[in-house]
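Enquirer: So the sequence shown is residues 368 to 658, counted in this note's numbering.
All C-beta atoms in this analysis are idealised placements derived from N, C-alpha and C, irrespective of residue type, glycine included.
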Amino acid sequence: MVALGIVLSAWVAASGAGAVTANLFKGRPSSVIVTAAAIGAVTPVCGVTVLPLMTGLLVSGVPLAPIMAFWLSSPVTDPSLFTATWAVLGPGFAIGKTLAAFAIGIFAGLATALLHKTRMVQVPLRAHPRGGRNPGCAPEAGGFRPAVWRDPVRMRTFARELAWMTKLVLLCLSLAFAAEYLLRDLVPPELLSAYAGADSPYAIPLAVTLGAPLYLDGYAALPLVRGLLDLGMSAGAALGFLVAGSAVSIWGVLAVVPVLRASTLGLFVALAVAGSLVSAYAFQALWQVFA
Numbered sequence: 368m369v370a371l372g373i374v375l376s377a378w379v380a381a382s383g384a385g386a387v388t389a390n391l392f393k394g395r396p397s398s399v400i401v402t403a404a405a406i407g408a409v410t411p412v413c414g415v416t417v418l419p420l421m422t423g424l425l426v427s428g429v430p431l432a433p434i435m436a437f438w439l440s441s442p443v444t445d446p447s448l449f450t451a452t453w454a455v456l457g458p459g460f461a462i463g464k465t466l467a468a469f470a471i472g473i474f475a476g477l478a479t480a481l482l483h484k485t486r487m488v489q490v491p492l493r494a495h496p497r498g499g500r501n502p503g504c505a506p507e508a509g510g511f512r513p514a515v516w517r518d519p520v521r522m523r524t525f526a527r528e529l530a531w532m533t534k535l536v537l538l539c540l541s542l543a544f545a546a547e548y549l550l551r552d553l554v555p556p557e558l559l560s561a562y563a564g565a566d567s568p569y570a571i572p573l574a575v576t577l578g579a580p581l582y583l584d585g586y587a588a589l590p591l592v593r594g595l596l597d598l599g600m601s602a603g604a605a606l607g608f609l610v611a612g613s614a615v616s617i618w619g620v621l622a623v624v625p626v627l628r629a630s631t632l633g634l635f636v637a638l639a640v641a642g643s644l645v646s647a648y649a650f651q652a653l654w655q656v657f658a
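1) Which residues does DSSP pair with residue 627 in a beta bridge?
2) Please report the Cβ distance between residue 612 and residue 588, rounded to the nearest whole angstrom; I am assuming they are in contact, meaning their Cβ atoms lie under 8 Å.
3) From residue 647 to residue 521, what does the alpha carbon distance come to, in whole angstroms?
4) Around the C-beta of residue 499, are 16 or more other C-beta atoms found within 10 angstroms, so that it is buried, or is it exposed?
5) In the DSSP assignment, find the unbroken alpha helix (DSSP H) run with residue 407 in it and report its ends.
6) Cα separation between residue 569 and residue 436?
7) Could you name the residues of the same chain whose beta carbon sits closer than 6 Å to that of residue 508, not counting the 5 residues immediately before and after it, in chain order?
8) Under 8 Å by Cβ, that's how I've got residue 470 and residue 432 pegged, so tell me the actual separation to the nearest angstrom.
9) Do you know how far the Cα of residue 614 is from the Cα of residue 451?
10) Under three-state DSSP, which class holds residue 648?
11) Is it the case that the CB of residue 456 approaches a heavy atom of the ligand NAD more closely than 7 Å?
12) Once DSSP output is grouped into helix, strand and coil, what is the label at residue 482?
13) Under the rule that 16 or more other beta-carbon atoms within 10 Å means buried, what is residue 626, buried or exposed?
14) Using only CA atoms, which one of 460, 440, 519, 484 lies nearest to residue 409?
15) Can you look up residue 513 in the DSSP assignment and give me helix, strand or coil?
16) Spatial neighbours of residue 400 within its chain, please: CB distance less than 7 Å, with the 5 preceding and 5 following residues excluded, ordered by chain position.
17) Exposed or buried, residue 652, counting other C-beta atoms within 10 Å across all chains shown (16 or more means buried)?
18) Measure the Cβ-Cβ separation of residue 610 and residue 443 and say whether it is below 8 Å.
19) Would you mind sorting residue 594 into buried or exposed? The rule is 16 or more other CB atoms within 10 Å of its CB.
20) Just reading off the alpha helix (DSSP H) that residue 446 is part of, what are its end residues?
21) Decide if residue 633 is buried, meaning its Cβ has at least 16 other Cβ atoms within 10 Å, or exposed.
22) Going by beta-carbon coordinates alone, are residue 571 and residue 644 separated by less than 8 Å?
23) Within the same chain, show all residues whose beta-carbon is closer than 7 Å to that of residue 516, passing over the 5 residues directly before and after it, in chain order.
24) Express the C-alpha separation of residue 489 and residue 577 in angstroms, rounding to a whole number.
25) Over what stretch of residues does the alpha helix (DSSP H) that includes residue 441 continue unbroken?
26) Count the other CB atoms within 10 Å of the CB of residue 601; is the residue buried (16 or more) or exposed (fewer)?
27) Where does residue 461 land, buried or exposed, given buried means 16+ other C-beta within 10 angstroms?
28) Between residue 624 and residue 428, what straight-line distance do the alpha-carbon atoms span, to the nearest angstrom?
29) May I have the straight-line CA-CA distance separating residue 658 from residue 650, to the nearest angstrom?
30) I'd like to know whether the C-beta atoms of residue 491 and residue 424 end up nearer to each other than 8 Å.
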């Protein structure tokens with residue numbers, strides 16, 4: 368999936384698809400954000416795959432708000448992960464996580480849209496390391512041409528973007544995965560379950576805070592969360608652990624550090640954490656009523 372995202376980003380840059388997408392996103396912000404969040408909630412795109420695609424769209428002029436909506440909703444769940452969650456944790460968690468993904472996407476997109484006059488939203492990307500014109504822009508003449516292999520100029524753009532994005536992703540992820548594995552070894556699951564039980568007022572904030580850096584993979588996390596529930600973790604804390612981990616895992620954050628401005632990255636993390644907290648508390652309240 369990561370390789371697919373890199374290739375797709377290079378194609379967006381070479382074909383001019385980014386400009387077409389930017390024009391499509393010039394409608395009513397609310398409807399565009401809802402659509403982006405809905406697509407993200409059912410699309411199997413992990414946080415790392417979103418990185419190159421997001422970068423290509425941003426430099427092509429696509430607004431940050433719908434990208435933020437898709438970026439936060441997509442890694443949380445997808446149809447296959449929905450089925451796996453249903454099998455391991457039950458229908459309540461599967462449905463709750465899907466609704467949380469959609470809600471967080473809408474929340475993040477609308478919040479970003481409200482901040483559209485700020486610099487962190489208007490100029491979310493750092494200066495491109497190669498300098499010169501925007502890397503995501505297709506050749507100035509010719510508009511949108513999906514068959515980039517038929518145009519030598521576009522093929523050079525494709526090759527340049529493919530090489531740069533591959534280097535960026537490999538550099539970022541090598542550090543990010545190393546940091547994540549270190550954190551997983553330092554904080555055992557038993558410690559999390561001990562302080563995130565049903566009777567603890569700090570259960571959900573702690574689960575969200577620790578879940579983000581500890582989380583590795585949507586499928587691998589399911590048996591881990593099942594074990595934490597058996598050890599006494601509350602349902603809301605478990606959902607917060609799942610949602611926060613997938614939305615703002617440490618490797619996902621470190622992967623975008625070289626791409627996004629610090630203020631934009633801070634906005635992303637703040638929206639992800641806030642959305643995870645609200646989703647977890649809402650799920651806990653509903654769980655106590657219907658469970």
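Expert: A quick look at the data gives this:
1) Answer is 492.
2) Sure, about 6 Å apart at Cβ, within 8 Å.
3) Those two C-alpha atoms are separated by around 46 Å.
4) With a pLDDT of 41 at residue 499, under the threshold of 50, the modelled position of this residue cannot be trusted; read the value that follows with caution. Exposed, since its Cβ has fewer than 16 Cβ neighbours within 10 Å.
5) Looking at the DSSP string, the run of the alpha helix (DSSP H) that includes residue 407 is 396-409.
6) Cα to Cα, residue 569 sits roughly 28 Å from residue 436.
7) The pLDDT assigned to residue 508 is 46, lower than 50, so where the model puts this residue is not dependable; a value taken from the coordinates is nonetheless given after this. For residue 508, where only same-chain residues beyond five positions count, there are no Cβ hits under 6 Å.
8) Residue 470 to residue 432, Cβ: 16 Å. No contact.
9) CA-CA distance, residue 451 to residue 614, rounds to 18 Å.
10) It is helical.
11) For the structure depicted, the ligand NAD is absent and the ligand set is empty, with no information on it obtainable.
12) If DSSP states are grouped into helix, strand and coil, residue 482 belongs with coil.
13) So residue 626 counts as buried.
14) Checking every option, the nearest Cα to that of residue 409 belongs to 440.
15) In the structure shown, the three-state DSSP call for residue 513 is coil.
16) Answer for residue 400: 432, 433, 436, 473, 476, 477, 480, listed in chain order.
17) So residue 652 counts as exposed.
18) Yes, they are a contact pair.
19) With fewer than 16 other Cβ atoms within 10 Å, it is exposed.
20) Unbroken alpha helix (DSSP H) run through residue 446: 446-456.
21) Exposed, because fewer than 16 other Cβ atoms sit within 10 Å of the Cβ of residue 633.
22) In this structure, residue 644 lies closer than 8 Å to residue 571 by Cβ.
23) Take residue 516, set aside five residues on each side of it, and the residues of its chain with a beta-carbon closer than 7 Å to its own are 522, in chain order.
24) Between residue 577 and residue 489, the alpha-carbon positions lie close to 31 Å from each other.
25) Note, residue 441: premise wrong, no alpha helix (DSSP H); not H, not E.
26) The residue is buried, with at least 16 neighbouring Cβ atoms inside 10 Å.
27) Result: buried.
28) Cα to Cα, the separation comes out at about 20 Å.
29) Their backbone Cα atoms lie some 11 Å apart in a straight line.
30) No, the pair does not count as a contact, with Cβ atoms beyond the cut-off.
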